[in-house]
Amino acid sequence: MKSRPRSASVRARSGAARAPRGHGQRLAGSSHRYDLAVIGAGPAGLAAALLAARSGARVALFERERLGGTSLNSGSVPSKALIRSATLFAGIREATRLQGSGQREPIADLAKIAARLRRIEERIAGYHSLARLARDGVDVHFGAAKFIDPHAIATGATRFRFKKALVATGAVAAAAGIPGLAEGSYVTSESVFGLTQLPEQLAVVGGGPLGCELAQAFCRLGSHVTIIQDEAKFLPREERDAAQILARAMARDGVEIRLNTRVVGARAAGARVVLETENYKTRDTIAADRVLVSVGRVPNVAGLNLEAAGIAFDGLNGVAVDDFLRTSNPNVYAAGDVCMDHKYTHVAESTGRMAVQNALLRQRLRYSGLIIPWCTFCIPEIAHVGLQIWEAREKSIPVKTYTMMMQDIDRAITDRQDTGFVKLHVVEGHDRIIGATIVASRASEMINEVCVAMHSGIGLRRLGRVMHTYPSQASAICLAAMSMDEPC
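Residues 5 to 492 in my numbering are what the sequence shown spells out, letter by letter.
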């Protein structure tokens with residue numbers, strides 16, 4: 005999109021998702037008053053703006069940088085594209101072992117992979133282009149928006165009145181917090197996709213979902229990767245069996261694993277960075293060409309002037325909302341990563357739509373009523389929905405678990421992807437599903453079947469009577485469900 009000097013409002017131009025340069029005035033003829041003002045054009049903001057506009061509301065969408073937010077530009081989309089490339093390289097290496105001797109293993113060209121990521125982002129960005137938003141009736145305003153009172157937003161010198169507003173500014177990568185590790189000397193889970201040269205040695209600080217995904221992906225592309233986690237296992241939200249399977253899989257790929265290890269300092273050594281670590285009072289060092297810090301994400305509330313609108317928030321938890329996603333200002337709602345513990349794209353989209361339904365369509369939808377699945381896209385994938393075993397115990401809910409190992413599933417065996425399991429949790433004495441964990445190569449797809457069952461109230465016995473194609477990895481769900489009626 006070509007720049008249009010001194011213009012913040014775009015009604016009908018196609019293609020690009022970047023903010024134009026100069027955004028001090030609005031286009032002539034457009035109103036300053038909206039039924040809904042949305043701050044943030046990530047998954048939550050886009051979903052909310054489109055639903056509101058299609059429902060007949062006058063909608064303003066404010067974005068500081070680029071349409072699509074973190075998910076499209078530096079999160080889910082590029083990370084999954086990178087993982088796909090890494091999986092291809094792992095498959096090629098496996099294929100060379102089936103060939104004659106003397107075959108050379110492929111070396112990844114990160115510049116070409118990065119170019120592929122950009123092409124994928126551009127294609128997906130087209131579904132949320134300015135032209136499409138304008139066609140649906142959404143006014144897009146580029147610039148840093150902030151509240152100036154409980155009923156108005158400003159960007160630059162221009163004020164916009166609203167009946168209802170939605171804060172959907174997402175989250176940003178948390179600061180490293182490592183003494184001696186200066187800004188610019190490391191990359192985060194957002195900026196790592198700007199690399200165009202494969203690091204020979206990469207140190208990953210943080211063993212959450214993004215840290216594990218990227219550590220395994222870069223290892224498969226050809227980097228020597230060391231991952232450092234300050235807890236006893238990866239993926240703190242997942243059960244120990246799942247985390248242990250992931251640790252073994254990463255070790256088989258060649259990732260060097262340091263658990264129960266803290267990074268206590270850093271120093272430069274020429275073009276490299278040396279991390280100082282501590283494990284049960286034992287000191288060590290790790291040298292790397294690049295350091296990737298993935299220690300979580302924090303709500304993006306800076307610069308919004310939330311106090312002026314009477315909106316309660318804090319830097320750690322973000323905007324405070326009730327079960328209907330309403331803030332302490334009854335005319336302002338929030339959705340997505342800026343207010344949710346579950347920082348996932350699908351949660352952001354769902355809560356964005358829910359906020360509009362509650363704010364404009366007079367519905368009473370509750371966040372607590374959502375059934376939220378999630379997945380870590382390593383190899384194998386780890387997906388979960390509902391209660392974990394320890395959560396059920398904390399709520400004094402007696403649980404019975406039915407398990408099927410992927411090593412006993414024909415399709416998993418033929419695919420040589422037989423690591424993992426399906427665990428279905430029900431209330432003891434009943435067949436109501438209250439949770440599930442799936443570790444498998446296609447867990448991200450398989451978990452959706454369990455979500456449908458939980459959402460529709462389908463019990464384990466009925467699920468076990470659903471015919472599945474053969475051979476399929478999803479048959480593990482059916483077999484786990486069928487085991488409920490087997491004699492002990």
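Backbone N, C-alpha and C fix where the C-beta goes; we use that ideal spot for every residue, glycine too. Keep in mind that this is a model prediction, so the values were computed, not measured.
First and last residue of the uninterrupted beta strand (DSSP E) at residue i
i      : result
Met67  : A small correction: the amino acid at residue 67 is Glu; Met does not occupy that position in the sequence shown. Here the beta strand (DSSP E) through Glu67 covers Val63 to Glu67.
Glu311 : Neither: Glu311 is in no beta strand (DSSP E) and is coded neither H nor E.
Gln205 : Gln205 to Val209
His228 : His228 to Ile232
Ala158 : Ala156 to Thr159
Bridge-paired residues (DSSP) for residue i
i      : result
Cys507 : This structure cannot settle anything about residue 507, because the visible part of the chain is limited to 5 through 492.
Leu40  : Val63 and Lys168
Glu280 : Gly269 and Thr289
Tyr406 : Leu428
Phe146 : Glu67
Arg301 : Ala177
Gly439 : Gly390 and His429
Tyr337 : Leu170 and Arg330
Thr162 : Thr159
Within 9 Å, strictly: CB atoms of residue i and residue j
i      : j      : result
Ala158 : Phe166 : no
Gly314 : Ser332 : yes
Ile383 : Glu243 : no
Pro2   : Phe381 : Past the edges of the chain, shown from 5 to 492, lies residue 2, and the structure says nothing about it.
Gly390 : Ala440 : yes
Val63  : Asp153 : no
Ala2   : Ala172 : This structure gives no information on residue 2, because the portion of the chain shown stretches from 5 to 492.
Val176 : Glu187 : no
Ile493 : Val209 : The requested residue 493 does not occur in the structure, where the chain is confined to residues 5 to 492.
Leu296 : Val191 : yes
Asp234 : Val267 : yes
Ala246 : Ile451 : no
Cys482 : Gly468 : yes
Ala292 : Leu374 : no
Gly46  : Asp341 : yes
Gly215 : Ser298 : yes
Leu55  : Gly356 : yes
Asp422 : Arg466 : no
Ser1   : Ala272 : This structure cannot speak to residue 1, because the chain is shown only from 5 to 492.
Pairwise C-alpha distance: residue j and residue i
i      : j      : result
Asp414 : Thr100 : 25 Å
His350 : Met344 : 12 Å
Leu225 : Asp489 : 45 Å
Glu217 : Ala138 : 36 Å
Leu310 : Asn304 : 12 Å
His132 : Leu329 : 24 Å
Glu98  : Pro110 : 11 Å
His27  : Ala156 : Per-residue confidence for His27 stands at a pLDDT of 37, beneath the threshold of 50, marking its modelled position as unreliable; the derived number appears in the next sentence. Each residue's alpha carbon lies about 18 Å from the other.
His36  : Arg163 : 7 Å
Val431 : Glu126 : 46 Å
Ser400 : Ile438 : 13 Å
Leu170 : Gly198 : 31 Å
Ala149 : Arg68  : 7 Å
Ala57  : Leu134 : 14 Å
Gly141 : Ile290 : 54 Å
Cys379 : Ser75  : 15 Å
Ala533 : Ala221 : This structure cannot speak to residue 533, because the chain is shown only from 5 to 492.
Ile417 : Arg294 : 37 Å
Leu428 : Ala484 : 7 Å
Thr265 : Val229 : 15 Å
Gly433 : Ala447 : 27 Å
Pro377 : His388 : 6 Å
Gly322 : Arg120 : 34 Å
Arg252 : Met486 : 29 Å
Ala129 : Phe66  : 17 Å
Arg420 : Phe93  : 16 Å
Arg108 : Glu395 : 49 Å
Met409 : Gly424 : 6 Å
Where the alpha helix (DSSP H) containing residue i begins and where it ends
i      : result
Asn362 : Thr349 to Ala363
Val470 : Val470 -> no alpha helix (DSSP H), and no H or E assigned at all.
Ile128 : Leu114 to Ala129
Gly49  : Pro47 to Arg58
Thr74  : Gly73 to Asn77
Ile451 : Ala447 to Ser460
Glu260 : Taken as a continuous stretch (DSSP letters only), Glu260 belongs to no alpha helix (DSSP H), being part of the beta strand (DSSP E) at Glu260 to Arg262.
Neighbour flag for residue i against chain D, beta carbons, 9 Å
i      : result
Arg397 : The chain inventory of the structure shown lacks chain D, comprising one protein chain alone.
Count the C-beta pairs between the region 348-368 and the region 49-64 that are closer than 8 Å, then say yes if the count reaches three, no if not. yes
For the region 396-406 against the region 257-276, do three or more pairs of beta-carbon atoms, one drawn from each stretch, fall closer than 8 Å, so that the two count as touching? no
Check whether the region 187-206 and the region 111-119 are in contact - that is, three or more C-beta pairs closer than 8 Å. yes
Cβ contact (3+ pairs, closer than 8 Å) linking the region 451-464 and the region 272-282: no
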